[in-house]
Amino acid sequence: MGYWNRLLVVDLTSRSVETRELSETFVRRYLGGAGFTTRLLYEAVGPEVDPLDPENVLAIAPGLLVGPSVPTGSKTSFGFKSPLTGGYGKSIVGAKMGDQLKRAGYDAMLIKGVAKSRTTLVIEDEEVRFESAADLWGLDTWETDDALKERYGEQVRTAVIGPAGENQSRISMIECEDRQAGRGGPGGVMGSKNLKAIAVKGTKDVPVARPDELEELNQKWRLETTGRGETEVEGTGSATVDVEFGTGEAFDVKNTVLGIYPTRNWQSSYFKSAYDRLEDPENDRVSLDPRYWTEKYVNTKRPCPYCTKPCSQYFEAEDTKYGDIEVDGPEYETQYALGGNVGIDEIEATAKANEICDHLGLDTIDAGNAIAWAMEAAERGLLDETHLDSIEADLAFGNADAVIELLEKIGKGEGELAQLLMDGNARAAQTLGAGEEFAIHVKNQAPAGFEARGIKGMALAYGVAPRGADHLSSCLYALEMGGDFWKFEGYDRQRMDGKALALKAMEDLMMVYDMTGVCKFTRGLTLAEGVRELVNAMTGFDLSTSELLTAGERTYNLSKGYNLREGFDRSDDRLIPRFTEEIPNGPSAGESIDEAAYEKELDRYYTVRGWDSAGVPLGQTLEELDLEEIMGAIGTAHELVD
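Residue 539 in my numbering sits at position 556 of the sequence shown, with consecutive numbering throughout.
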């Protein structure tokens, strides 16, 4: 059926390993990837468990379509109780390690317990063993990967943490060879388990139900998703750009046409000072625009496995004012979080900040937003001398030296200010007892770089996302920026109302991508229908498009149910307070979001989802999704309908 039907369960406490069988019912309902990790997490970790307790788990599952050369079929899901939000944790990454886990003969892995000493988990097909990581502790992520390859061979694929994860920072990530499981603090989960690294090598062919049919489809999608050449960019109408520019391809459009580029801790959505410095603003490009820096600094790509639409930009520079730089990126979210949001318009500085985060194991979005919050707090006089004296550079917007110094200290947990920021902007404000109104987050997680006052549906998308402020749970910005996407046409980005139905449908579709492992960069090509063809060839299930989307809806409702069981409620699906303020300048000047309008659309969203006014799924909804067994745990008060 396209599965091994095998779950690898690793207990670090007892240093034991077992293989459990996955039932056909389980794999049909949850498919793979985030479907598997969400269900495993729900069953394994309840509300009595702190995210940094030994009882938390790290569930890892390659997407269903990872392995048999499906174009862009590279994504692996990491599931955990989030140290950052205290709720549902999911991070998706184009990990070579996930591909090797599938080739080792496992559909998923569940890691639980805590090792007595610092440990590396090594998996080579059927052989699973625990080895000392004492000599690796304290190394950065690149040094750790190099050491593992020297020890186990160049073919081994890895998932490792850096000093930030070792220090159990709640914004720490897991590094997977130039790709990061970044969101929600999974690095802290590994650190709390004394697990420095996972090294995997597999030699098996991935099982496929209908191999000839799958290869025919692979050939079709290789042509459709070819990564070079001209392609329409979402949100630019008829404009075309070369996808060589990766995720930042519409950087200038977001700034100068739409006005949705967060700047100075989201005080503005237009990086005015960057354009003011240009000699010819209409023709020159700001330093952060990839059309400027890819030609100067990028000579190669290091794409995810099976990628045919590579967004990778491998940045290499020597002898800059910030030293030598070598990093895959910066991609758009880093261009915003460690660029305009901290007031920096030097690509070399942003790239260096990106390199530091990758080496020390920090999520660039939350790290950048934490520093931006601190800069505004300093500007308002809220930080005392013990914080400000713990760094040498002046903590001010636009000071790249301060950003670089702070990232080094946050990653290592050094100094008063770093200690304040190492768990993200929301907790920093809570600890300080000030600044919550300009801590930009939902459920303690900072959002991606799409300013919702200029594309208002994204405010709701951020608010309801189970893992905290998140753009990829729905990719609604693809519709908001251009007005048309998939089954939806004529959407007005500057209206708050009328977004609920599209948001629900996009969330279900994007969850399907997270379950199958197909990259969302192809979402405008494969859509649900193309993914369904691939799933059926892989598994032999012959699912309809409706059944496929129902699988996404089931997993999405389970992720919501996880948070409800943890005690989350409607107040956690909040509007970010800054969005009620008017944007001061740029193409979206004067735009804001009315809180009453937001709450009204939130009501509509809950109705479309089949939830009550508190955001709790109705009994009938759970029955239709084969989730009746979670009713009591999540507070569903409605009886099932016969």
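All C-beta atoms, glycine included, are put in the ideal place defined by N, C-alpha and C.
Beta-bridge pairing by DSSP links Ser115 to Thr102. Closest by C-alpha distance to Ser457, out of Tyr135, Asp346, Thr246 and Leu486, is Leu486.
By the Cβ criterion, the segment 539 to 554 is in contact with the segment 584 to 598, since at least three pairs of Cβ atoms, one from each stretch, lie closer than 8 Å. With 16 or more other Cβ atoms inside 10 Å of its own Cβ, Ala233 counts as buried. Taking the Cα of Ala147 as reference, the smallest distance to any Cα among Leu271, Val310 and Asp346 is reached at Asp346. The segment 457 to 475 makes no contact with the segment 14 to 28; the number of CB pairs closer than 8 Å stays below 3.
DSSP links Ser60 through a beta bridge to Ala44 and Ile75. Within the same chain, Cβ atoms closer than 6 Å to the Cβ of Asn546 are found at Gly70, Tyr71 and Pro449, the five residues on either side in sequence being excluded. Straight-line spacing of the CA atoms in Lys284 and Leu122 works out to 25 Å. Comparing alpha-carbon positions, the option among Leu455, Ala444 and Glu512 lying closest to Tyr581 turns out to be Ala444.
Judged by DSSP secondary structure, Leu(-9) falls outside any alpha helix (DSSP H) and instead within the beta strand (DSSP E) spanning Arg(-11) to Asp(-6).
About 7 Å separates the CB atoms of Asp90 and Ala44; that is less than 8 Å, so the two are in contact. Counting along the chain, the unbroken alpha helix (DSSP H) around Ser175 starts and ends at Pro169 to Ser175. Gly15 and Thr414 do not touch by the CB rule: their CB atoms are close to 39 Å apart, not below 8 Å. For Val518, the enclosing alpha helix (DSSP H) stretches over residues Arg506 to Thr522.
For Ser542, the uninterrupted alpha helix (DSSP H) run begins and ends at Thr528 to Arg548, by DSSP. With a beta-carbon spacing of about 20 Å, Gly432 and Glu565 fall beyond the 8 Å limit used to define contacts. Excluding residues up to 5 positions away in sequence, Pro54, Thr55, Trp204, Arg205, Thr208, Thr209 and Gly210 lie with their Cβ nearer than 8 Å to the Cβ of Thr291 in the same chain. Counting only runs that start and end inside the segment 120 to 155, the beta strand (DSSP E) elements of at least 3 residues fall at 140 to 143. Arg11 carries a helical assignment under DSSP once its states are collapsed to helix, strand and coil. As computed with DSSP, Asp311 is found in a beta bridge with Tyr297.
In the DSSP assignment, Arg274 falls within the unbroken alpha helix (DSSP H) covering Pro273 to Tyr280. For Met92, the enclosing beta strand (DSSP E) covers residues Ala91 to Lys95. Taking C-beta atoms as the reference points, Thr2 and Leu(-10) count as a pair closer than 9 Å. Here Ser(-1) is exposed: its Cβ has fewer than 16 other Cβ atoms, across all protein chains shown, within 10 Å.
Buried is the label assigned to Gly242, since at least 16 other Cβ atoms lie within 10 Å of its Cβ. Contact annotation: the segment 326 to 340 touches the segment 388 to 400, with at least three C-beta pairs closer than 8 Å. In the DSSP annotation of this structure, Lys237 is not part of any beta strand (DSSP E), being labelled neither H nor E.
By the Cβ test, the segment 353 to 361 is in contact with the segment 318 to 328, since at least three Cβ pairs between them sit closer than 8 Å. Under the DSSP definition of a beta bridge, Val269 lacks any partner. Around Ala409, the same chain offers Ala422, His424 and Asn427 as residues with beta carbons nearer than 7 Å, after the five sequence neighbours per side are excluded.
For Lys255, the enclosing alpha helix (DSSP H) begins and ends at Lys255 to Asp259.
The beta carbon of Leu403 is closer than 8 Å to those of Ala357, His370, Ala411, Thr414 and Leu415 in its chain, skipping five residues each way along the sequence. Burial state of Gln250 is buried, judged by a 10 Å Cβ sphere holding 16 or more other Cβ atoms. The alpha-carbon separation between Arg193 and Gly569 amounts to approximately 53 Å.
Taking one beta carbon from each stretch, the segment 26 to 42 and the segment 272 to 288 have fewer than 3 pairs nearer than 8 Å; the two do not touch.
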